[in-house]
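Novice: A single structure is presented below for examination.
Numbering (UniProt numbering), first residue to last: 1 to 623.
Structure (structure tokens):
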């Protein structure tokens, strides 16, 4: 409720007005004019005495002359066909309510009945039924029923039907007929009261209070509203508190009995019988011991005393934001642990091990795998290194197969764990299905055939094996004396071994292929060579007091040059010259080299001779 736009509390009396609550109504009375304006939340009703307002009213309520025929009068004095049309002509221009347009005259007179048949609301039927029957003899319900039906059809689902029933019940109450109708609407038109009040359909217009006199209220009219429960009464019209006994009610709205002491708003009060009612004085607090908050992070604070909220307790509180010590940064594998010692506020920080393994700036939980390198299987153990306080990483080398095929050796390879089998020797498969293992530069005869020679060479880090066969010169066993057939030093070719006498120096023939610059003769060519023994001696000379030597060798004495045609791999032919020995003889030669030197030179020459023979055989085979 506002008066001149200022909120006021009820009841309110000023400016010749009296404003109060009456049940569910808010009532404005002008006692001098005997006017009563009531608002019930849905509608207004205005009551005026005929003695003062006869023929002296205009507007939506019509003319006060106890004649309803001219109640739809327009401002110009004409009578409208219906009051709905008349209503638009009496609108008051109010700038604070722009939603209310004034002076709107509909082009077509609206009908009080809907255009299409409408199913009337069951709520409206109550007006014509037994619930309101006690009032039918005082106030006819037909107009209220028509308004109820119109509201339910024109604006359905808004429960506006309740307004027609409420106004009809209020009109009946003016005639001292009380109707308890809300309980018959199945909750549609229910009215909810505050928890300390209860709803009554028929209550006094002005409720009895501790401050009012019961003898002054003689009216038999009743209104619906929220009233104090039976056994209690309203303390005062301006204090909405129900009390069992009329004592005191202060600002806390709590009923007090006379003589009751209590504390409110930190004042000690007492409820006294009389005009003043509640008398209060300052609340006294007991003395407290002085608190000292000297430790870092502590500060004084006033806490509410649960036993006496008006007397706060001074205590020391801890605020860690006041602490100067900051959390430490810990290295990998450690975490910050803080604890507050007993009796202190600020935490103490320390780095404690996380019980993990650390490798290359990463943490690993126990029993998890750790990648150190691809050649090791590593995992984090639960064992702790005493010095570092970190868990120990245990590693095992990946198992390797150390076996290599013959001729291969396992050598380390960058980026690989177990190395690699690398060929270091030639593996030669012989005709007898056996394998020979030869190192580079090594030659070896076939175990079952001295005429076959196997060799291994390393060319640009590539091992190349070759097989060569020795071609023996023509040999006629019949030319040998019985028992003198033997093998040459190569172990392959046969020859006649000398008996007691030396073989004279003579020409010896043999057949062999001639190879020159990769080209070879198509057939074996007859070639000759000198072979035999010449007179050679070494004896002591007493006169010279030294050894005297006489040396001669079997060598060519006459030769001729012959020609042979060689075939080349490219397909062309090559005419090649070679030396053919016609005759041999013993020829003197110097032998001044010492015996040991001669022996060594002879061995080297024999080796060179055999090596040349092998190389020639290898060359022939490869071609």
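Virtual Cβ for every residue (Gly too), placed ideally from N, Cα, C.
Under 8 Å: do the segment 517-534 and the segment 568-588 share three or more Cβ pairs, one atom per stretch?
Specialist: Touching, yes, given that three or more Cβ pairs across the two stretches are closer than 8 Å.
Novice: So residue 409 and residue 424 are in contact, right, with Cβ under 8 Å, and what is the actual spacing, rounded?
Specialist: Their Cβ separation, rounded to whole angstroms, is 5 Å, which keeps residue 409 and residue 424 in contact under 8 Å.
Novice: What residue range is occupied by the uninterrupted beta strand (DSSP E) comprising residue 396?
Specialist: Note, residue 396: beta strand (DSSP E), 391-397.
Novice: By how many angstroms is the C-alpha of residue 15 removed from the C-alpha of residue 4?
Specialist: Distance between the alpha carbons of residue 4 and residue 15: 11 Å.
Novice: For residue 40 and residue 9, I'd like the C-alpha separation in whole angstroms.
Specialist: The straight-line gap from Cα to Cα measures roughly 18 Å.
Novice: What would DSSP say about residue 362, mapped onto helix, strand or coil?
Specialist: Residue state, collapsed to three classes: coil.
Novice: Over the uninterrupted beta strand (DSSP E) stretch that includes residue 296, give me the two end residues.
Specialist: Neither: residue 296 is in no beta strand (DSSP E) and is coded neither H nor E.
Novice: Rounding to the nearest angstrom, what Cα-Cα distance links residue 556 and residue 503 in this structure?
Specialist: Approximately 16 Å between the Cα atoms of the pair.
Novice: Does at least one heavy atom of the ligand PLP sit under 7 Å from the Cβ of residue 234?
Specialist: Ligands displayed in this structure: none; no statement on the ligand PLP is therefore possible.
Novice: With DSSP collapsed to three states, give me the class of residue 536.
Specialist: Residue state, collapsed to three classes: coil.
Novice: Would you please state the rounded distance, in angstroms, between the beta carbons of residue 470 and residue 493? I believe it to be under 8 Å.
Specialist: Indeed, because the Cβ distance is near 7 Å, the residues count as touching under 8 Å.
Novice: Evaluate the contact criterion for the segment 262-272 versus the segment 246-254: three or more CB pairs, one atom per stretch, below 8 Å.
Specialist: At 8 Å Cβ cutoff, the stretches touch.
Novice: Hey, would you say residue 63 sits closer than 8 Å to residue 76, going by beta carbons?
Specialist: Not closer than 8 Å, so no.
Novice: Buried or exposed, going by whether 16 or more other CB atoms sit within 10 Å of the CB of residue 362?
Specialist: Under this definition residue 362 is an exposed residue.
Novice: Would residue 407 and residue 426 be called neighbours here (beta carbons separated by less than 8 Å)?
Specialist: A contact, by the Cβ cut-off of 8 Å.
Novice: For residue 658 and residue 307, what's the separation of their Cα atoms in angstroms?
Specialist: Limits of the chain in this structure are 1 at one end and 623 at the other, which puts residue 658 out of reach.
Novice: Count the other C-beta atoms from every protein chain shown that fall within 10 angstroms of the C-beta of residue 558, then say buried if there are 16 or more, exposed otherwise.
Specialist: It is exposed - the Cβ of residue 558 has fewer than 16 other Cβ atoms within 10 Å.
Novice: Taking 8 Å as the cut-off, decide whether the C-beta atoms of residue 443 and residue 459 are in contact.
Specialist: It is not a contact, given that the beta carbons lie outside the stated cut-off.
Novice: Once the 5 residues before and after residue 191 are set aside, which same chain residues still bring their CB inside 7 Å of it?
Specialist: These residues qualify, in order along the chain: 24, 182, 199.
Novice: Using a 10 Å radius around the Cβ and a threshold of 16 neighbouring Cβ atoms, would you call residue 161 buried or exposed?
Specialist: Residue 161 should be labelled buried.
Novice: Going by DSSP in three states, residue 68 sits in which element: helix, strand or coil?
Specialist: It is helical.
Novice: Quick check: what's the CA-CA separation for residue 6 versus residue 240?
Specialist: Each residue's alpha carbon lies about 21 Å from the other.
Novice: Could you tell me which residues DSSP puts in a beta bridge with residue 302?
Specialist: Partner(s): 314.
Novice: Can you list, in chain order, the residues of its chain with a C-beta nearer than 7 Å to that of residue 448? Leave out the 5 residues immediately preceding and following it.
Specialist: Closer than 7 Å at the Cβ level, and outside the excluded window around residue 448, lie 432.
Novice: Determine the direct distance from the alpha carbon of residue 299 to that of residue 320, and round the result to whole angstroms.
Specialist: So the alpha carbons of these two residues sit roughly 11 Å apart.
Novice: Curious, which full-length beta strand (DSSP E) runs of at least 3 residues does the UniProt domain "VWFD" (1-101) contain?
Specialist: As far as the UniProt domain "VWFD" (1-101) is concerned, its whole beta strand (DSSP E) runs of at least 3 residues are 12-14, 17-22, 25-30, 35-39, 44-47.
Novice: Thinking C-beta only, is residue 554 closer than 8 Å to residue 589?
Specialist: No; because the gap between Cβ atoms is not below 8 Å, this pair is not in contact.
Novice: Rounded to whole angstroms, what is the Cα-Cα separation between residue 206 and residue 127?
Specialist: For residue 206 and residue 127, the distance between alpha carbons rounds to 27 Å.
Novice: Where does residue 166 land, buried or exposed, given buried means 16+ other C-beta within 10 angstroms?
Specialist: Per the 10 Å Cβ criterion, buried.
Novice: How would you write the range of the beta strand (DSSP E) that residue 165 sits in, first residue to last?
Specialist: Per DSSP, residue 165 belongs to no beta strand (DSSP E); it is in the alpha helix (DSSP H), 161-174.
Novice: Only counting runs of 4 or more residues, tell me where the alpha helix (DSSP H) segments fall wholly within the segment 188-240, in order along the chain.
Specialist: Within the segment 188-240, no complete alpha helix (DSSP H) run reaches 4 residues.
Novice: Do residue 369 and residue 379 count as a contact pair if the criterion is CB distance below 8 Å?
Specialist: Yes.
Novice: Can you tell me whether residue 308 is helix, strand or coil according to DSSP?
Specialist: Residue 308: coil per DSSP, three-state reduction.
Novice: Please return the same chain residues whose Cβ sits closer than 7 Å to the Cβ of residue 297, not counting the five positions on each side in sequence.
Specialist: For residue 297, where only same-chain residues beyond five positions count, the Cβ hits under 7 Å are 318, 319, 320, 322, 323, 345, 346.
Novice: Within a Cβ cutoff of 6 Å, which residues of the same chain sit near residue 392, ignoring the five residues on either side of it in sequence?
Specialist: Within the same chain, residue 392 has close Cβ partners 381, 383, 385.
Novice: I need the boundaries of the beta strand (DSSP E) containing residue 455, first residue and last residue.
Specialist: Run containing residue 455: 449-459, per the beta strand (DSSP E) assignment.
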